[in-house]
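J.:
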Amino acid sequence: MAEKLSKLNFDKLVEGYKDNFKMYQVLDEKGKVVDEKTMKEFSDDELVALMEDIVWGRALDERTIILNRQGALANYATAGGQEASQFGTLKGLEEGDFLVPGYRDIGVSIKHGLPMHQAFMWYRGHVGGNKYDKDFPMMVPQVVVAGGITHAMGVAFAKKRKNEKNVVLAFTGDSATSEGDFYEGINFAGAFGVPLIVVVQNNGYGISVPVHEQTAAETLAQKGVAAGIASIQVDGMDPVATYAAARKAREYALKENKPVLIETLTYRFGPHTMSDDPKKYRTDEELNEWKKKDPIVRLRTYLVEKGLWEESREEEIKKEVTKEARQAIEKMNQEPEMKIVDLLENMYEVKPQNIKEQIEKYKAKEQG
Amino acid sequence: MANLTFAGAITDALKNALNKFDNTMIFGQDVGPNGGVFRITDGLQDEFGKSRVFDTPLAESGILGMTLGLGHEGFRALPELQFSAFSTEAISPIMGQISRYRYRYGGTRNLPITIRTPFGGGVGTPELHSDSMEGLFGGIPGLRVVVPTNPYDAKGLLLSAIESNDPVIFLEHLKLYRSVKGEVPEEYYTVPLDKAAVVREGTDVTIVTSGFMVHESMKAADKLEKEGISAEVIDLRTIAPIDMETIRKSVGKTHRAVVVQESQRVAGVGGNLMSEIGERCFMELDAPVSRVTAPDTVYPFVQIENEWIPGPEAIVEKVNETIKF
Ligand SMILES: Cc1ncc(C[n+]2csc(CCOP(=O)(O)OP(=O)(O)O)c2C)c(N)n1
Ligand SMILES: [Mg+2]
Numbered sequence: 001m002a003e004k005l006s007k008l009n010f011d012k013l014v015e016g017y018k019d020n021f022k023m024y025q026v027l028d029e030k031g032k033v034v035d036e037k038t039m040k041e042f043s044d045d046e047l048v049a050l051m052e053d054i055v056w057g058r059a060l061d062e063r064t065i066i067l068n069r070q071g072a073l074a075n076y077a078t079a080g081g082q083e084a085s086q087f088g089t090l091k092g093l094e095e096g097d098f099l100v101p102g103y104r105d106i107g108v109s110i111k112h113g114l115p116m117h118q119a120f121m122w123y124r125g126h127v128g129g130n131k132y133d134k135d136f137p138m139m140v141p142q143v144v145v146a147g148g149i150t151h152a153m154g155v156a157f158a159k160k161r162k163n164e165k166n167v168v169l170a171f172t173g174d175s176a177t178s179e180g181d182f183y184e185g186i187n188f189a190g191a192f193g194v195p196l197i198v199v200v201q202n203n204g205y206g207i208s209v210p211v212h213e214q215t216a217a218e219t220l221a222q223k224g225v226a227a228g229i230a231s232i233q234v235d236g237m238d239p240v241a242t243y244a245a246a247r248k249a250r251e252y253a254l255k256e257n258k259p260v261l262i263e264t265l266t267y268r269f270g271p272h273t274m275s276d277d278p279k280k281y282r283t284d285e286e287l288n289e290w291k292k293k294d295p296i297v298r299l300r301t302y303l304v305e306k307g308l309w310e311e312s313r314e315e316e317i318k319k320e321v322t323k324e325a326r327q328a329i330e331k332m333n334q335e336p337e338m339k340i341v342d343l344l345e346n347m348y349e350v351k352p353q354n355i356k357e358q359i360e361k362y363k364a365k366e367q368g
Numbered sequence: 001m002a003n004l005t006f007a008g009a010i011t012d013a014l015k016n017a018l019n020k021f022d023n024t025m026i027f028g029q030d031v032g033p034n035g036g037v038f039r040i041t042d043g044l045q046d047e048f049g050k051s052r053v054f055d056t057p058l059a060e061s062g063i064l065g066m067t068l069g070l071g072h073e074g075f076r077a078l079p080e081l082q083f084s085a086f087s088t089e090a091i092s093p094i095m096g097q098i099s100r101y102r103y104r105y106g107g108t109r110n111l112p113i114t115i116r117t118p119f120g121g122g123v124g125t126p127e128l129h130s131d132s133m134e135g136l137f138g139g140i141p142g143l144r145v146v147v148p149t150n151p152y153d154a155k156g157l158l159l160s161a162i163e164s165n166d167p168v169i170f171l172e173h174l175k176l177y178r179s180v181k182g183e184v185p186e187e188y189y190t191v192p193l194d195k196a197a198v199v200r201e202g203t204d205v206t207i208v209t210s211g212f213m214v215h216e217s218m219k220a221a222d223k224l225e226k227e228g229i230s231a232e233v234i235d236l237r238t239i240a241p242i243d244m245e246t247i248r249k250s251v252g253k254t255h256r257a258v259v260v261q262e263s264q265r266v267a268g269v270g271g272n273l274m275s276e277i278g279e280r281c282f283m284e285l286d287a288p289v290s291r292v293t294a295p296d297t298v299y300p301f302v303q304i305e306n307e308w309i310p311g312p313e314a315i316v317e318k319v320n321e322t323i324k325f
């Protein structure tokens, strides 16, 4: 028989929560291995590929910020600092796995297969950014925070039903865990037993509101307890830890047909978007503390020590990104401008009277 | 042919759909062993199995978010929202996701889903079980709103909705579930979307209406006939987008129009209908377009709902005003 509660001590009840969600780490801030066993599960090639991805991600973030300042794009939700959280977890996926990104996860979506010029078109606000190949396993980046989790759960349900051996990974943020859809999504996923991985990127803020004002929960991972699902808090500045966690989560999700919640403790070095001023809600000291945890620095330290990496490689990657971005911008600029007629055409497969009428009207107008 | 209730015709349509399309799935609150609180899915889980007909956790946004995910993967998902007034819990997936799905993907993908949900008053429910929400849904571009009024149409329209690759919200009037019966073919058939039906021909005035109000308008037309007034009654069937062609043709003949709706004056699609008729048929009209609606209160406490919901007398009165104008 299960043990019964013998005392009504509410303080004691809350106290224990955090103990179950200790942060998981493989490589510490100094680039020292704290989990040898897990580290050994990665080949040198895998670790180098991981390093290439996060350096690429940082370079793309910097480039995209410049492109915004130059007016080539309409806005941008910066991702610098979150490379381990994004590219590390993505590395844990396999061919055919499905991604449900948010507005901050566009760079990582490119690594997942989204053509760069389409990623730029998304920022620019052009429908061409969302025209995917039929079997591209990704949804359009979600703007309604937490909404994507319920969709990802539906896709995961479909994957299981179709007996496809693929998982669905949904990215979301810390503040998004306050939304009903976050809870509805993970609760359904648990109840139906579907292969969904939800990555809560806890970067400390929802625009300006710090996470401790967002909730009394000390960790966001513990929110998974209420849904009865496996949850873990991971050092979101440690790319090896996020890689390992996602890889293990994938294995578990497919084998057990169960969802996993991964909270990554991370930080965005830049502003929320290009129209945000972080000085209004956070200090330089705090930013500098987090910069010491930089995922690139710690993996570099480790790899250089092992003789697997030279810093000059980073310069090369940056140059490659600059070139890729230039080509993508050129390609984007060649895309035809949108027409109201096309928007009307896209509303329904079978057009009702009002749409037909308005298409005629705008055709006349737009053809001049 | 079978003589079926409105509810029975909907169940029959669902069976046809489950048989015809392997990729259909019915889910929602209590739709499994319980067969739905209105018994629309009665027996379906037994017949088609738990993988095709199943219960979900109680959360409307989750149900419709899941619907979108399933639709994305090619399933003709058929969620049931237990009561349409609780769809306010799911306005985000309806307005912010499902209705704009095709547009968002630049026309490269369709979302072939149909949301079924009951609505409407007159059956003595607790609060928030009888509201007419069609005006809210009708104002969402990308979503079709279908309201059947008889068993034959209920089955045919539902099958059209399920067949359609565009999302549809299918509103089933609570009072009609067991109060109307009719001949319904057993086999699969469809009734076209986006087409209103002239359910009674007339020459003096056009009554444009939907849902339970079609039945009340038919009663009013009988009374008017005795007074020597010939009313044409149009059942919108698809209430958004509107079939203006059918309405225009009728008003061109009768030169007068009265819009009748169960919802409040500020709600529903009546205001939009009136302005469309006014704008498009102005030169044809012998009198201003007018309307019969419920008053602008919250859906009333049960003890007074039958005084609140418009009935044949109010319709007769309004038609007479229009005729005498
Ligand atoms: C439902 C919803 N409410 C509000 C917004 C406006 N908004 C955009 S991002 C954001 C903050 C989200 O914070 P978090 O979940 O922590 O993700 P982050 O931006 O930090 O990656 C807000 C409030 C939105 N997009 N969606
Ligand atoms: Mg955040």
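One line per chain: the protein sequences are A and B, in this order.
Quick note, in the UniProt record's numbering, the first sequence goes up one by one and the last residue is 368.
Quick note, in the UniProt record's numbering, the second sequence goes up one by one and the last residue is 325.
Yeah, the Cβ is synthetic: ideal placement off N, Cα and C, and Gly gets one too.
1. So, with DSSP's three-state summary, where would you put G173(A)?
2. Is it buried or exposed, E134(B), if we count other Cβ atoms within 10 angstroms and call 16 or more buried?
3. Which residues, taken in chain order from the segment 112-126 of chain A, show a beta carbon closer than 8 Å to some beta carbon of chain B?
4. E183(B) by DSSP, collapsed to three states: which one?
5. What does the alpha-carbon distance come out to for the pair S275(B) and K20(B)?
6. What are the start and end residues of each continuous alpha helix (DSSP H) run of 4 or more residues lying completely inside the segment 152-211 of chain A, in chain order?
7. Check whether the Cβ of M312(B) lies closer than 9 Å to any Cβ atom in chain A.
8. Since I believe K258(A) is in contact with G193(A) (beta carbons under 8 Å), could you give me their beta-carbon distance rounded to a whole number of angstroms?
9. Should R102(B) go down as buried or exposed, given a rule of 16 or more other Cβ atoms within 10 Å for buried?
10. Quick check on T78(A): does DSSP put it in helix, strand or coil?
11. So the candidates are V145(A), L196(A), V211(A); which of them puts its Cα closest to the Cα of N203(A)?
12. How many Å lie between I66(A) and N333(A) at the Cα?
13. Have a look at the DSSP bridge pairing and note the partners of L265(A).
14. From the beta carbon of I26(B), is the nearest beta carbon of chain C less than 9 Å away?
15. Within 10 angstroms of its Cβ, does T24(B) collect 16 or more other Cβ (buried), or is it exposed?
16. Can you check whether the CB of R300(A) is closer than 9 Å to the CB of M237(A)?
17. Could you give the DSSP three-state label for E311(A): helix, strand or coil?
18. Does at least one heavy atom of ligand 2 sit under 8 Å from the Cβ of Q201(A)?
19. Taking the straight line between their C-alpha atoms, what separation do you get for I197(A) and T41(B)?
20. Can you pull the chain A residues whose beta carbon is under 7 Å from the beta carbon of M66(B), in chain order?
21. Note down, in chain order, every chain B residue with its Cβ under 8 Å from the Cβ of L343(A).
22. Cα separation between L58(B) and S87(B)?
23. With respect to the beta strand (DSSP E) encompassing D22(B), which residues constitute its N-terminal and C-terminal limits?
24. Which whole-angstrom value is the C-beta distance of I323(B) and I247(B), which I expect to be below 8 Å?
25. Should Y205(A) be listed as close to ligand 2, given that the test is whether its C-beta is under 8 Å from any heavy atom?
26. Residues of chain B with a CB under 9 Å from the CB of V167(A): which are they?
27. Does the beta carbon of Y103(A) fall short of 8 Å from some heavy atom of ligand 1?
28. Specify the secondary structure class of H173(B) as computed by DSSP and reduced to three states.
29. Nearest chain A C-beta to Q97(B) closer than 9 Å, yes or no?
30. Based on the DSSP secondary-structure assignment, which residues constitute the bridge partners of T206(B)?
31. Distance, Cα to Cα, V292(B) vs T149(B)?
32. At 7 Å on the CB atoms, spell out the chain B contacts of N130(A), in chain order.
33. Report yes if the C-beta of S87(B) is less than 8 Å from at least one heavy atom of ligand 1; otherwise report no.
34. Starting from V144(A), find everything on chain B with Cβ-Cβ shorter than 8 Å and list it in chain order.
35. Would you give the residue range spanned by the alpha helix (DSSP H) that L4(B) belongs to?
36. With a threshold of 8 Å, establish whether the CB of G173(A) neighbours any heavy atom of ligand 2.
T.: According to the structure data:
1. strand
2. buried
3. none
4. strand
5. 41 Å
6. 180-192
7. For the record, residue 312(B) in the displayed sequence is Pro; it is not Met. Chain A contact via Cβ: absent.
8. 6 Å
9. buried
10. coil
11. V211(A)
12. 17 Å
13. N202(A), D235(A)
14. Here the protein chains are A and B, and chain C is not one of them.
15. buried
16. no
17. coil
18. yes
19. 32 Å
20. T150, M153, G154, F157, F188
21. Y103
22. 12 Å
23. Counting along the chain, D22(B) falls outside any beta strand (DSSP E), and DSSP gives it neither H nor E.
24. Not a contact, Cβ separation roughly 19 Å.
25. yes
26. What V167(A) touches in chain B: nothing, since even the nearest Cβ is about 13 Å away.
27. yes
28. strand
29. yes
30. E232(B), A257(B)
31. 18 Å
32. R104, Y105, G106
33. no
34. S92, G96, Q97
35. Careful: L4(B) lies outside any alpha helix (DSSP H), inside the beta strand (DSSP E) at 2-5.
36. yes
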